[in-house]
Amino acid sequence: MIYEGKQKIWADYQKEIPEDHYFYVRSCIRQSFFPASEVTFLDITRNKLGKDIFETEHHTTCGGIAYHSDAIPQETAMTIIARQFALMKKYGYENYVCSCITSFGLYCETMETWREYPELQEKIADNLWKSCKLEFAKPKFLVHASDLIFKYRNQIAAKSKYKLVNVRTGEPLRVVEHIGCHYSKMFPSKGVGGAEYPYVLVGMVEAWGGQIIDYPERRHCCGFGFRQYMIQSNRGYSLSNTHKKFESMEPFKPDMIITNCPGCPYFLDRWQYVIAETEGKTYGENGHGIPVFTYEEVAGLVMGYDPWDLGLQTHQVGVEPLLDKMGIPYDPAKKYLGKNGKNIGEPEKPHCLK
Amino acid sequence: MTALLQTLYTYSQITPEGIIDRYPNSYNHFVLPFVIGISFIIVYLLIGLIRILYHLTAEERKRLFFSLFTPKTALKNIKDIFCDCLLHTKIWKRKPLLGYMHSAIAFGWFMLIVLGHIEVALFAPRHLDSVADGALYYPIFYRFFIWMSPEHETLRGSLFFFLMDFFLLYVLSGIALAMYKRVRSIALGMRHTTKPSLADRVALYCLWAIFPLRLLAEGFTADLSGGSFLTKPLNMLFRNFFGNELNFLPTWWLYSICLGLFFLAMPFSRYMHILTEPLLIVMRNAGLKVRKPRKGFAEAEIYACSSCGLCLDACPMNTQKKNLKYSSVYFIRFLRRHNEKKINEIADKCLMCGKCYALCPVGVNSPDIRRAQRETLNHKLSFDFTPMDNFRLKENSEEGAEVMYFAGCMSHLTPKIIKSVTSVLESAGKKFIFADREGGICCGRPMLLAGRTEAAKELISKNKKMIMESGCKILLLSCPICYKVFKDDYDLKGIRILHYTQYLNELIEKGELKVAKGSGSMVYHDPCELGRGCGVYEEPRNVLRTIGELKKAEKERDESICCGGSLGSLTLDNKDRGKIAESSINNLTAENPQSIVTACPLCYRSFREKSPIPVKDFAEVVCENIKSN
Amino acid sequence: MIEFGFKLSPSSRINLDLRDKASFSKLVEIEPDALKCMACGSCTASCSAGVFEETSLRSALLSLQNGDKEKALKLLSHCMFCGKCTMVCPRGINTRHLILSINKIYQVR
Amino acid sequence: MKNNILIIGGGPAGLEASSILVKMGYNVILVEKEKQLGGHLAKWDTLFPDGLKAEELLKAMIKKTEGVKCFTDTQVQSVNILDKSYNVILSNGITVLADALLLATGFDLFKAEKKEEYGYGIYEGVITNADLEQFFKGNFSIKKPKAVGFVHCVGSRDEKVCNPACSKVCCATAVKQACHIKETFEEADVFCFYMDLRMFGRHYEDLYLKAQKMGIRFIRGRVSEVAETSEGRLLVKAEDTLSSKPIKVTLDTLVLMAGMRPSESGYMVGHQLNLSVEEDGFFSTKDTMLSLQKSNLDGLFFAGAATGPKTLPDTLHEARSAAMEIDNYLTKK
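What follows is the structure, given as structure tokens:
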């Protein structure tokens, strides 16, 4: 892999990301699967870096899941989005940051459609007025939360306590980055670094001391695909996608995976358990899996957050080996203690996966 | 019969006067080489015979045994052995000089042996009593052991002397020709001859030496033991040169050594055929067939090959010198030597045109052995013909249609043939069922030729079912390959199987189809499977003669040259096939005909690729010349 | 092992790294024509057995080159050896010997 | 003194070369075996890729040949190589002492009846590309077809007829003719059976796209046999190799795209001069790159399809460069 070649491509896909003042919307899935990630995001940006990130409890889903599952038509999804934009306008913001990749894709798609067909935008504005009596304005800048962390990566690095380095060997950790499909595959110009070699996560990993590994199936979807995972009998398809990625990355011996999408970390994490149970195969060292993180979790680890405050105990693949490598102290006894100090219950031990 | 033997026996007990054994015990050391040789060959033959019989199935052994005592086959055996082994009538017919050479050596030698034994039986019968009395060698060296007083020379005795000298001369003339053939084979009508092996050479030179040595030896002793027009003058000549005290023992030693060496080399040389050919004739006449490429009947065939190399010139592949090595004679030689790689290579290459078999003086059916050899490798290959199970005739049999036309796979690539056949049938007012208008099951012959007998049998049974259910009376074929297998392997009771050449000939002879005389000249090519394969030579010619001027090919009928397109060969490539087609066309156009007519879709296609003159199908020619009423 | 109600689906991708190069070179050795096909499909179109069941030398050769010998053998298992394909092949391939050789090399007994 | 130049073959190559040479001031004699000039061009209706009328092109070309002595319906009877010239006796009795000879003998169309399984001359609906052009010109009739097929590579890329090479122009011709058929018989289904579609020239791909847009169906598979249905239509069999399935379709007209074979009359001339031919039967040129117009004989030149299949523009380029080569040769002499 010629690094300079990738740099040339990255140079072509520079995205303008304003420094401050964002209207923040959450992700349906991440709120349930990785609730600590969004909390960490807000904590880092607001409290550690002092940025103005506004969020309101009045925002809803973007409609993406329903839209991609053919449950609602595009116009409905657009109207929901118009309402979000109306909220942004109402609270006086012009920059829009969303936590979810599906949403990000849908916002891009909607904005592009409106650009091509202004009459449709008129119609949606009309719909919104009729249904909610609201008026919206398109955001001046639309970014994904990972874009922001990318933007702040050096500030985070400056405040970091730990690096993505194996403290025992001094070698940088070998990191697989996985980008959500809807981040830049639909509109390469909307993603940092484009679609073929997205730079958004690579930039973070490099800034924090890790080493990115590039494996053959890096472009491949994690297998999340709404239609596949929603129906049980189709999940084999989803599983096979993930399996293919792991088979492909296995020879590179990655220490961890970093992702920027709601579904990817979930599937990359949980399917390792299913593969281990059905095929008897594990991909990490000594029967462990490869731990999978969201970018906020990685940022949090680097900045010295307590792993259990980051919600790492909710992962299927144990994170302890990685914490050991990075030299991050943790208290195993506190792993399953809730915020209130009470035990939240321990999951059943898997047969195969350590 | 017994009475006759009795008298003969009593008669032989009387030693005629004036014949005296010159040596006590009638023994001299020089007979040893011969005795060793003859004993070896007898033992070898016995073991070989037992081996062959052992590898026959019980059924085959029974058949062979009964055939020996069935007068018809027994008589045929005798006739065949006499004509083929001794007189070599087959070679006479094709190449008279070559025939003379063979019969001179074989028949002449045979007569020398027979007459020698009769002579001993008449004049020194006690030596035939047992091996201890010298029964093995005495008749051979008779002239050495006796002294005959000239006063007692009888008419009967001199007749024998004359006959012995006569046949010796006869043999010597054959040997002289054989030597000449070694130098210039083309003079005897052979372009290529086989390369002799070491054993062949030893046996050959011994054979050449035996009879001149015999002449010398008997010449030396002619004054003592009698002689005739050849040996007596020679004896006189010797006396003039060497004086009366002739030391003749060395020539007798040499004679015996040559005989002994010849017999010792025999099993490893081509001359084994002298002894095995009668066995082959007997087994063939009993109706035995090749089942395995090297055991049982095939072994008799292999050892009966005289390695004469007549098949070299016969083989159509030998238009290219590089293909000489694939001829039957080498195939059989490698079978004898167990050279597996070469055996398979040669077996697969052959076009199976059958010309080597047709021309073989011994009648070794090498195409059959090749097929059996292919089977050893290919019979295990699995196949699946279940999809063909439900094949039914697509068209309902027309009311009163007696003829079923089975075009075969290949005819579908020559629409002209199909169109001609069907329109001729229509002109003759014949209703017919077109069995494979929309495609059908292959006849099985190609499979059979590839040595996949089981697969072929399955195809055959499926087709058979279809044909029997159709209720037709005549099965009409336009492809000789199909025709051959339908005729030989199908067993369609109550159905006449006809190639279209036969059928159209019949229709024309019966007047059901009228053809006009055209003006063009043509030559007819005998397709291998139709001519040599099924013996159909006359019918097509008959029809063609009524249509136009039929010219002759340089070689035709059973000597016709394969078109090169044969399905028989598994490995011959396209280029080599083209070369064969060219040579076949050259052969056909010897008399400058205006067109070539053939009766096989494969020949038709092969020729059309290469021929400078128009190539027509038999049915096409008939169709063009139908006289409309 | 836990029953999840779904499982890994096998990859449909042809993996050329896994193809049986040794057997194919053996095939080429005994029948060099194996390399001459230009995939025109004449053999398949004229096939006598193809009337009854899918039979294709062209496709079989491709399958062998792609490492799927089961498919190749299946595509040839109904071959009646009639030789029509030899006649129509524009590259002059000895199709019958090729089929025979494929069977000899790839059929496990 | 004016040099004599004899040009054998009055097709596009011969015409183009003669018009240039006559302008250069040479004494040009053109021999054509047919009654009319133009070669295959005279028998063609329109030309690919843009549908130019062959007749107009030919007219313009013939017009330029003013001053050329044209002998039509004339063949070369014998050629002798003299010291620095050629002595040529023509079938009309005229003897020419030529200082340079240009072989523009072109090609013959492959005899489609040789592909027995396609049934040319047996089934009524089976015609050749040349027949179809005649139809377009109004000199040949076909019944209004419901479905038409084009078989590419008839007599090309086929070892069975001893021509393993590609004839270069048939693909584009077939697509052009297919469009033309579709324009003539709008209702008809049109199929092209191809092995590889070789649309290599400028605008050829546009022609292909045009054909696709007209609804012409391209099937990647070579037709293997043709049979007649009970209604006298044509049952055509091929394999659709892209779907790996044998297919059959019933057509009314099947057009065989006969390929290019060396010209027989050209071969006769070359034979007398002992010119070497390559395995494909076409004349060998002096080398394969720099002297494509030269032969191994001094003063003998080639232009056009005498040295292998060529498109019309290629042939005309060759004619022009042959004229240059001849001029160079004669000036140097």
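Chains as they are written, first to last, in the working numbering: chain A, 1 to 354; chain B, 355 to 983; chain C, 984 to 1092; chain D, 1093 to 1425. Even for Gly, the Cβ is constructed at its ideal location relative to N, Cα and C. Everything numeric in this text was worked out from a predicted model, so none of it was measured.
Residues that residue i contacts on chain C, provided the C-beta gap is smaller than 9 Å
{"i": "Pro1338 of chain D", "result": "Gly1024, Thr1027, Ala1028, Ser1029, Cys1030, Gly1033, Val1034, Glu1037, Thr1038 and Ser1039"}
Chain C contact residues for residue i, given Cβ-Cβ distances below 7 Å
{"i": "Ser1316 of chain D", "result": "Ser1025, Ala1028, Ser1029 and Val1071"}
{"i": "Lys1203 of chain D", "result": "Near Lys1203 of chain D there are no residues of chain C at all, since even the closest Cβ is about 16 Å away, more than 7 Å."}
{"i": "Asp1250 of chain D", "result": "Pro1073"}
{"i": "Tyr237 of chain A", "result": "Ser992"}
{"i": "Met742 of chain B", "result": "Phe1035"}
Residue i versus residue j: straight-line alpha-carbon distance, rounded
{"i": "Gly1230 of chain D", "j": "Leu1334 of chain D", "result": "37 Å"}
{"i": "Thr1265 of chain D", "j": "Lys1067 of chain C", "result": "30 Å"}
{"i": "Thr925 of chain B", "j": "Arg1412 of chain D", "result": "50 Å"}
{"i": "Glu1323 of chain D", "j": "Leu1343 of chain D", "result": "11 Å"}
{"i": "Phe685 of chain B", "j": "His627 of chain B", "result": "16 Å"}
{"i": "Gln313 of chain A", "j": "Leu337 of chain A", "result": "9 Å"}
{"i": "Pro1237 of chain D", "j": "Arg1314 of chain D", "result": "21 Å"}
{"i": "Ser366 of chain B", "j": "Arg538 of chain B", "result": "Reliability fails at Ser366 of chain B, whose pLDDT of 47 lies under 50, so the model's placement of it is uncertain and the value that follows must be treated cautiously. Spanning the two alpha carbons is a distance of roughly 48 Å."}
{"i": "Cys1020 of chain C", "j": "Arg30 of chain A", "result": "55 Å"}
{"i": "Thr1276 of chain D", "j": "Ala1017 of chain C", "result": "44 Å"}
{"i": "Met620 of chain B", "j": "Leu861 of chain B", "result": "56 Å"}
{"i": "Lys827 of chain B", "j": "Cys836 of chain B", "result": "17 Å"}
Three-state secondary structure (DSSP) of residue i
{"i": "His627 of chain B", "result": "helix"}
{"i": "Ser875 of chain B", "result": "strand"}
{"i": "Arg645 of chain B", "result": "coil"}
{"i": "Arg996 of chain C", "result": "coil"}
{"i": "Tyr1178 of chain D", "result": "strand"}
{"i": "Arg850 of chain B", "result": "strand"}
{"i": "Leu309 of chain B", "result": "For residue 309 of chain B there is no data in the structure shown, the boundaries of chain B being 355 and 983."}
{"i": "Gln856 of chain B", "result": "helix"}
{"i": "Arg1312 of chain D", "result": "strand"}
{"i": "Lys1340 of chain D", "result": "strand"}
{"i": "Lys1161 of chain D", "result": "strand"}
{"i": "Val1282 of chain D", "result": "strand"}
{"i": "Gln367 of chain B", "result": "Unreliable positioning characterises Gln367 of chain B in this predicted model, as indicated by a pLDDT of 48, which lies under 50. The coordinate reading is nonetheless provided below. Note: Gln367 of chain B maps to helix in three-state DSSP."}
{"i": "Arg417 of chain B", "result": "helix"}
Residue i - partner residues in DSSP beta bridges
{"i": "Lys1386 of chain D", "result": "D:Phe1393"}
{"i": "Leu1048 of chain D", "result": "This structure gives no information on residue 1048 of chain D, because the portion of chain D shown stretches from 1093 to 1425."}
{"i": "Thr169 of chain A", "result": "Answer is none; Thr169 of chain A lacks a bridge partner."}
{"i": "Glu903 of chain B", "result": "B:Ser875"}
{"i": "His21 of chain A", "result": "Note: His21 of chain A sits in no beta bridge, so no partner."}
{"i": "Glu38 of chain A", "result": "Note: Glu38 of chain A sits in no beta bridge, so no partner."}
Contacts that residue i makes with chain D (C-beta to C-beta distance below 7 Å)
{"i": "Gly1050 of chain C", "result": "Within chain D, no residue comes near Gly1050 of chain C; the closest Cβ sits about 17 Å away, beyond 7 Å."}
{"i": "Ser1130 of chain C", "result": "No answer is possible for residue 1130 of chain C: the residues shown for chain C start at 984 and end at 1092."}
{"i": "Met1021 of chain C", "result": "Met1287"}
Residue i: CB within 7 Å of a non-hydrogen atom of the ligand PLP
{"i": "Met742 of chain B", "result": "Among the components of this structure there are no ligands whatsoever, and the ligand PLP is therefore not found."}
Chain-ordered neighbours of residue i on chain B, where CB pairs are closer than 8 Å
{"i": "Ser1060 of chain C", "result": "Ser736, Phe737 and Asp738"}
Is it true that the segment 711-724 of chain B meets the segment 778-792 of chain B, where meeting means three or more beta-carbon pairs spaced less than 8 Å apart?
no
Do the segment 1236-1253 of chain D and the segment 1155-1165 of chain D meet, that is, are 3 or more Cβ pairs less than 8 Å apart?
no
Any contact of the segment 275-284 of chain A with the segment 294-309 of chain A, i.e. 3+ C-beta pairs under 8 Å?
no
Could you check whether the segment 464-478 of chain B touches the segment 543-552 of chain B, counting it as contact only if at least three pairs of C-beta atoms, one from each stretch, sit closer than 8 Å?
No contact exists between the segment 464-478 of chain B and the segment 543-552 of chain B.
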